[in-house]
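Visitor:
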Amino acid sequence: MKATPTTRLATALVCFLAFAADTACLAQAAPGSVVLQEHSPAAYPVGAVVAFDKDRPGEGYRVVPWYGAGTHVRILGADAHRVLYRRFDGDASAYAVKEDSGTHLYLYNGGSRVGPALQQLGPGRDQVAFAVSDEQSGLISVQTGEWVLSPEDFRGVGFPIGGRVVCWKDGGRWGIYDLEGNQIGVDFTFPLDPETHRPAFTSDCIAINVDDSILIINRDAEAVTETKGHVVGRFVSGLARATPGGERGLVGYIDTAGEWVVDPAYGSAGDFREGLAPVSLDSIYSAAFDGTISRNSSISPRKAEELLKDEKSRWGFIDRSGDLVIPMIFERVQYFSEGLAAVRIDGKWGYINREGTVVIPPVYSTAGLFQNGLAYVVLSEAGSDRPLLIDAEGDIVAEY
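For the record, in the sequence shown the residue sitting at position 23 is 59 according to this note's numbering, with numbers rising by one throughout.
#1: Straight-line CA distance for ASP247 to ALA236?
#2: Please list, in chain order, all residues of the same chain as GLY392 whose beta carbon is under 6 Å from its beta carbon, the five residues on each side excluded.
#3: Can you tell me where the alpha helix (DSSP H) holding PRO300 begins and where it ends?
#4: For TRP183, collect the residues of the same chain with a Cβ closer than 6 Å to its Cβ; drop the 5 residues on either side in sequence, then sort them by chain order.
#5: So, for SER186: in the same chain, excluding its five sequence neighbours on each side, which residues have a beta-carbon less than 8 Å away from its beta-carbon?
#6: Less than 6 Å between C-beta atoms, sequence neighbours within five positions excluded: which residues of the same chain meet that for ARG309?
#7: Could you tell me whether the Cβ atoms of VAL268 and ILE250 are closer together than 8 Å?
#8: Count Cβ pairs between the stretch 270 to 288 and the stretch 328 to 337 that sit closer than 8 Å; are there 3 or more?
#9: Along the alpha helix (DSSP H) that carries LEU410, what are the first and last residues, could you check?
#10: Under the rule that 16 or more other beta-carbon atoms within 10 Å means buried, what is PHE226, buried or exposed?
#11: Given that a residue counts as buried once 16 or more other Cβ atoms are within 10 Å of its Cβ, and exposed if not, what is ASN145?
#12: What is the residue span of the alpha helix (DSSP H) that LEU215 lies within?
#13: Using the Cα positions of GLU435 and GLU367, report the straight-line distance between them to the nearest angstrom.
#14: Going by DSSP, what residues sit across from VAL433 in a beta bridge?
#15: Going straight from the alpha carbon of GLU429 to that of VAL395, what length do you get?
#16: Residue ranges of each beta strand (DSSP E) run of no fewer than 3 residues wholly in the stretch 165 to 194, ordered along the chain?
#17: Is it buried or exposed, VAL413, if we count other Cβ atoms within 10 angstroms and call 16 or more buried?
#18: Which whole-angstrom value is the C-beta distance of ILE320 and LEU344, which I expect to be below 8 Å?
#19: What are the boundary residues of the alpha helix (DSSP H) that LEU343 is part of?
#20: With PHE226 as the anchor, note down where its beta strand (DSSP E) starts and where it stops.
#21: Between GLU216 and GLN179, what straight-line distance do the alpha-carbon atoms span, to the nearest angstrom?
#22: Candidates LYS339, ALA276, SER357 and ASP346: which alpha carbon is nearest ALA324's?
#23: Using DSSP with H/G/I as helix, E/B as strand and the rest coil, what is PHE88?
#24: Considering only residues of the same chain and omitting the five flanking positions on each side of VAL164, which have a CB-CB separation below 8 Å?
#25: Could you tell me the alpha carbon to alpha carbon distance between ILE432 and ALA130, rounded to whole angstroms?
#26: Using only CA atoms, which one of PHE353, ASN254 and GLY303 lies nearest to ALA278?
#27: By the three-class DSSP mapping on this structure, what secondary structure does GLY386 have?
#28: Comparing C-alpha positions only, which one of GLY311, THR261, ARG390 and SER416 sits nearest to ASP398?
#29: Output needed for LEU317: all residues of its chain with C-beta closer than 6 Å, excluding positions within five of it in sequence on either side, in chain order.
#30: Just how far apart, CA to CA, sit LYS264 and TRP204?
#31: Going by DSSP, which residues form a beta bridge with ASN145?
#32: With VAL239 and VAL260 assumed to form a contact (beta carbons below 8 Å), what rounded beta-carbon distance in angstroms separates them?
#33: Use the C-beta contact count for LEU425: other C-beta atoms within 10 angstroms, 16 or more gives buried, fewer gives exposed.
#34: Based on Cα-Cα distance, which residue from ASP355, ARG356 and PHE406 lies nearest to VAL379?
#35: With which residues is SER249 paired in a DSSP beta bridge?
#36: If you count every other CB in all the chains shown that lies within 10 Å of the CB of ASP189, and 16 or more means buried, which is it?
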């Protein structure tokens with residue numbers, strides 16, 4: 037029997053009520069702190085991020101699945117009403133705690149707090165997670181709260197992806213480590229800025245800019261090859277965004293052997309996700325090294341809206357052969373996820389399928405990625421915003 041919007045909403049409400057019924061305060065909170073919210077980690081899948089939204093003081097919290105929140109849990113400030121949570125494997129989870137010194141993230145295991153106060157916490161990989169404490173990054177055990185790679189020992193620690201993590205040291209040195217804290221191979225001496233260039237093993241290799249060349253290094257800390265150009269993104273699905281010259285050149289894609297697979301022909305280009313990559317001839321919006329697509333900081337929001345009227349600023353999608361499979365007709369786009377991608381048409385967001393057909397009409401002011409069959413959207417009507425969860429057919433599953 038096909039589920040109707042009514043039955044889907046009923047199912048969502050049942051899950052919500054079961055989740056809310058499991059809510060309980062943490063015992064023995066640390067002196068000077070107030071635990072804002074706690075519940076059973078088993079209520080949501082591993083990796084889920086949930087927002088506790090207290091929009092009217094005195095009326096309690098409501099539990100909101102936080103889809104499209106990105107890869108990290110970030111503290112929003114001591115006075116923020118929205119508090120974030122992330123579940124890891126087993127009984128480990130993270131919660132925001134409001135203290136006299138401000139709001140911090142803490143890890144909990146089985147209801148007990150473990151580890152130091154954190155300002156940022158990444159997704160768990162093999163029982164460890166990227167974390168920031170006192171403005172310094174490290175690798176932490178989500179089960180014990182102990183540092184696997186301590187911020188005191190490194191200038192910066194990268195994201196633990198693919199069983200490897202890149203760590204920066206003093207004097208321009210950096211090294212590759214496994215997720216138990218063991219260094220693989222020897223130090224490299226190429227100067228990298230961890231704030232702007234954070235390589236991660238999303239594939240079997242990472243790419244580093246050295247002078248006017250790209251050096252490709254494998255998981256065993258061995259140099260594989262060197263090719264002319266400048267890398268502007270990580271390897272994702274075996275391909276990395278690169279330019280033939282400096283950082284501002286036209287963008288194409290190289291493989292892990294350093295060969296150009298897609299010739300540099302685009303002003304802006306994103307990573308390959310589900311076999312497709314977003315591209316544009318202009319650079320009003322561009323992808324950062326980590327793949328996040330955002331407005332060029334040198335262009336004001338108002339100017340960007342004017343420039344988006346130009347056809348050459350529109351976005352489409354190419355496949356891994358470089359063929360344009362979805363024409364560049366959209367004002368803005370997001371990555372494909374679960375077979376759908378959010379696109380902006382005439383100022384509103386909707387969704388297309390892999391053939392480029394609009395399957396969910398563009399009526400939203402905000403649209404997130406689909407995760408587990410649902411996407412977070414905002415419908416703006418008569419001057420008010422309606423945050424919604426919709427399914428892949430565009431039906432409303434929950435409203436907040």
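Glycine residues also receive a C-beta, built at the ideal position from the N, C-alpha and C atoms.
Guide: Looking at the coordinates:
#1: As a working note, residue 247 is residue 211 in the sequence shown. As a working note, residue 236 is residue 200 in the sequence shown. Each residue's alpha carbon lies about 20 Å from the other.
#2: The count along the sequence shown starts at 1 and reaches residue 392 at position 356. Correct list, in chain order: ILE362.
#3: Within the sequence shown, the letter at position 264 stands for residue 300. Premise fails: PRO300 lies in the beta strand (DSSP E), 296 to 302, not in any alpha helix (DSSP H).
#4: Along the sequence shown, read from residue 1 onward, the residue named residue 183 stands at position 147. Excluding positions up to five away in sequence, the list reads GLY174 and ILE176.
#5: On the sequence shown, residue 186 is found 150 positions in, with the first residue counted as 1. Only GLY174 meet the Cβ criterion.
#6: Numbered from 1 along the sequence shown, position 273 holds the residue referred to as residue 309. Excluding sequence neighbours, ARG309 sits near TYR371 and PHE372.
#7: As a position in the sequence shown, residue 268 is number 232, starting the count at 1. As a position in the sequence shown, residue 250 is number 214, starting the count at 1. Not a contact, by the Cβ cut-off of 8 Å.
#8: no
#9: By 1-based counting over the sequence shown, the position of residue 410 is 374. Element bounds for LEU410: not the alpha helix (DSSP H) but the beta strand (DSSP E), 410 to 417.
#10: In the sequence shown, the residue the question calls residue 226 occupies position 190. Looking at its Cβ environment, which holds fewer than 16 other Cβ atoms inside 10 Å, PHE226 is exposed.
#11: Position 109 of the sequence shown, counting from 1, holds the residue named residue 145. ASN145 is buried by the Cβ-count criterion.
#12: Translated into the one-based positions of the sequence shown, residue 215 becomes position 179. Taken as a continuous stretch (DSSP letters only), LEU215 belongs to no alpha helix (DSSP H), as it is neither H nor E.
#13: The sequence position of residue 435 within the sequence shown is 399, counting from 1. The sequence position of residue 367 within the sequence shown is 331, counting from 1. Taking the straight line joining both Cα atoms gives about 27 Å.
#14: Position 397 of the sequence shown, counted from the first residue, corresponds to residue 433. According to DSSP, which records beta bridges pairwise, VAL433 is partnered with nothing at all.
#15: Residue 429 sits at position 393 when you count from the first residue of the sequence shown. Residue 395 sits at position 359 when you count from the first residue of the sequence shown. Near 7 Å, if we compare the C-alpha coordinates of VAL395 and GLU429.
#16: 172 to 177 and 183 to 185
#17: Here residue 413 is taken as the residue at index 377 of the sequence shown, counted from 1. With 16 or more Cβ atoms within 10 Å of its Cβ, VAL413 is classed as buried.
#18: What you label residue 320 is simply residue 284 of the sequence shown in a count that begins at 1. What you label residue 344 is simply residue 308 of the sequence shown in a count that begins at 1. Their Cβ separation, rounded to whole angstroms, is 7 Å, which keeps ILE320 and LEU344 in contact under 8 Å.
#19: Against the sequence shown, residue 343 aligns to sequence position 307. Run containing LEU343: 337 to 343, per the alpha helix (DSSP H) assignment.
#20: Translated into the one-based positions of the sequence shown, residue 226 becomes position 190. Where PHE226 is concerned, there is no enclosing beta strand (DSSP E), given that its DSSP letter is neither H nor E.
#21: Position 180 of the sequence shown, counted from the first residue, corresponds to residue 216. Position 143 of the sequence shown, counted from the first residue, corresponds to residue 179. So the two alpha carbons sit approximately 13 Å from each other.
#22: Residue 324 sits at position 288 when you count from the first residue of the sequence shown. Of the candidates LYS339, ALA276, SER357 and ASP346, the one whose C-alpha sits nearest the C-alpha of ALA324 is ALA276.
#23: For the purposes of this step, residue 88 is taken as residue 52 along the sequence shown, with counting starting at 1. Caution applies to PHE88, whose pLDDT of 47 falls short of 50 and renders its modelled position unreliable; the model cannot decide the point.
#24: Along the sequence shown, one-based indexing puts residue 164 at 128. LEU175, ILE176, SER177, VAL178, VAL184, PRO196 and LEU215.
#25: What you label residue 432 is simply residue 396 of the sequence shown in a count that begins at 1. What you label residue 130 is simply residue 94 of the sequence shown in a count that begins at 1. Cα to Cα, ILE432 sits roughly 29 Å from ALA130.
#26: For the purposes of this step, residue 278 is taken as residue 242 along the sequence shown, with counting starting at 1. The option with the nearest alpha carbon to ALA278 is GLY303.
#27: As a working note, residue 386 is residue 350 in the sequence shown. Here GLY386 sits in strand by DSSP.
#28: On the sequence shown, position 362 is the one that residue 398 refers to. Looking at the sequence provided, one finds Pro at residue 398 rather than Asp. Closest option to PRO398, Cα to Cα, is SER416.
#29: What you label residue 317 is simply residue 281 of the sequence shown in a count that begins at 1. Cβ neighbours of LEU317 beyond the five flanking positions: GLY303 and LYS348.
#30: Along the sequence shown, one-based indexing puts residue 264 at 228. Along the sequence shown, one-based indexing puts residue 204 at 168. Distance between the alpha carbons of LYS264 and TRP204 is about 24 Å.
#31: Within the sequence shown, numbered from 1, the residue matching residue 145 stands at position 109. According to DSSP, ASN145 bridges with ALA128 and SER148.
#32: Mapped onto the sequence shown, residue 239 falls at position 203. Mapped onto the sequence shown, residue 260 falls at position 224. Here residue 239 turns out to be Ser, not Val, going by the sequence shown. With 8 Å as the limit, SER239 and VAL260 do not qualify as a contact, their Cβ atoms being about 12 Å apart.
#33: Translated into the one-based positions of the sequence shown, residue 425 becomes position 389. So LEU425 counts as buried.
#34: Working through the sequence shown from its first residue, we reach residue 379 at position 343. The residue with the shortest Cα to Cα distance from VAL379 is PHE406.
#35: Looking up residue 249 in the sequence shown gives position 213. BP columns for SER249 point to VAL246 and LYS264.
#36: Along the sequence shown, read from residue 1 onward, the residue named residue 189 stands at position 153. The residue is exposed, with fewer than 16 neighbouring Cβ atoms inside 10 Å.
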